[in-house]
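Structure, rendered in structure tokens:
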């Protein structure tokens with residue numbers, strides 16, 4: 001018999017690892033070499049993990065500064081004082097700390113308008129159609145005659161005095177008004193008030209013109225239903241001293 005064939009030879013060795021195009025070591029082989037060399041100290045170079053969000057170690061964001069509140073708008077500056085005649089109206093406006101204001105009305109068709117004055121005194125000579133005091137404070141007005149009416153509105157601490165006739169007075173939204181009537185105006189006077197407080201009417205005593213009588217305008221009213229008439233009735237509330 002022929003002898004058996006010899007056993008096959010060992011497998012060929014693995015091909016050599018390809019090197020990078022720049023001649024550096026293979027990255028994978030280098031990584032395993034570092035792991036094998038570290039042995040049991042493989043965890044020594046790792047950072048310790050902590051519980052919580054991954055950005056716990058990051059610096060806290062700096063809060064943005066709050067936007068400053070808008071600066072309060074400055075109050076509008078006072079306009080220049082005015083005392084002039086235009087058309088048929090005397091305009092007295094923005095007077096401050098002036099107690100020497102005096103005008104002379106030359107026609108009964110002319111009117112006087114006093115607006116936004118404070119700590120002032122106005123003397124009106126002659127007969128005019130009407131006088132309006134609007135948005136004033138601590139103002140004194142002395143006049144001869146207002147044929148139509150004198151009107152006081154949106155004002156505080158006003159004193160008005162008629163040396164002649166003033167048949168009608170209209171007050172709206174005022175506080176602390178003293179109105180002086182002479183004997184000639186008392187009997188025909190009509191006084192209308194709305195939203196007013198501390199309004200007093202002064203007149204001379206009939207038997208002693210050098211003395212005065214003071215009459216406060218009512219501020220409180222009582223409204224009740226009259227069954228017999230079937231309607232509401234309103235009466236002032238009087239307080240006994």
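Numbering (full-length UniProt numbering), first residue to last: 1 to 241. We put the CB at the ideal spot given by N, CA and C, even for glycine.
Ignore the nearest five residues each way along the sequence and tell me which others in residue i's own chain have a CB closer than 8 Å to its CB.
{"i": "residue 210", "result": "204"}
{"i": "residue 111", "result": "88, 89, 90, 128, 129, 130, 131 and 132"}
{"i": "residue 80", "result": "94"}
{"i": "residue 68", "result": "Only weak support is given to the placement of residue 68: the predicted model assigns it a pLDDT of 49, under 50, and the question is left unresolved by the model."}
{"i": "residue 108", "result": "127, 128, 129 and 147"}
{"i": "residue 197", "result": "174, 175, 176 and 219"}
{"i": "residue 214", "result": "200, 201 and 202"}
{"i": "residue 84", "result": "90 and 91"}
{"i": "residue 106", "result": "126"}
{"i": "residue 231", "result": "225"}
{"i": "residue 101", "result": "83, 92, 95, 120, 121, 122 and 123"}
{"i": "residue 21", "result": "Per-residue confidence for residue 21 stands at a pLDDT of 49, beneath the threshold of 50, marking its modelled position as unreliable; no derived number is given."}
Would you kindly report the start and end of the unbroken beta strand (DSSP E) that includes residue i?
{"i": "residue 99", "result": "96 to 104"}
{"i": "residue 117", "result": "Careful: residue 117 lies outside any beta strand (DSSP E) and carries neither H nor E."}
{"i": "residue 86", "result": "82 to 86"}
Give me, in chain order, the residues of the same chain whose beta-carbon lies closer than 6 Å to that of residue i; leave out the 5 immediate sequence neighbours on both sides.
{"i": "residue 145", "result": "127, 164 and 165"}
{"i": "residue 97", "result": "119"}
{"i": "residue 151", "result": "132 and 170"}
{"i": "residue 222", "result": "235 and 237"}
{"i": "residue 149", "result": "130, 168 and 170"}
{"i": "residue 140", "result": "121 and 159"}
{"i": "residue 78", "result": "94"}
{"i": "residue 184", "result": "165"}
{"i": "residue 70", "result": "Note that residue 70 has pLDDT 47, beneath the 50 cutoff, so the model's placement of it is unreliable and no number is given."}
{"i": "residue 99", "result": "121"}
{"i": "residue 113", "result": "89, 91 and 132"}
{"i": "residue 142", "result": "123 and 161"}
{"i": "residue 207", "result": "none"}
I think residue i touches residue j, with their Cβ atoms under 8 Å apart; what is that distance to the nearest whole Å?
{"i": "residue 192", "j": "residue 217", "result": "10 Å between Cβ atoms; not a contact."}
{"i": "residue 103", "j": "residue 124", "result": "6 Å"}
{"i": "residue 172", "j": "residue 189", "result": "With a Cβ gap of about 17 Å, residue 172 and residue 189 do not count as contacting."}
In chain order, what residues of the same chain have a beta carbon less than 7 Å from the beta carbon of residue i, not counting five sequence neighbours either side?
{"i": "residue 186", "result": "203"}
{"i": "residue 226", "result": "233"}
{"i": "residue 116", "result": "93, 94, 135 and 136"}
{"i": "residue 138", "result": "118, 119 and 157"}
{"i": "residue 212", "result": "202, 203, 204 and 205"}
With a threshold of 7 Å (Cβ to nearest heavy atom), would residue i be considered close to the ligand ZN?
{"i": "residue 144", "result": "In terms of ligand content, the structure shown is empty, and the ligand ZN therefore cannot be addressed."}
*Return the chain-ordered ranges of every alpha helix (DSSP H) run that is complete within the stretch 126 to 194 and spans a minimum of 4 residues.*
183 to 186
*Would you mind listing the beta strand (DSSP E) stretches within the stretch 195 to 234 that are 3+ residues and don't spill past its ends, in chain order?*
197 to 205, 208 to 216 and 221 to 226
*Would you say the stretch 177 to 188 touches the stretch 156 to 164, given that touching needs at least three Cβ pairs under 8 Å?*
yes
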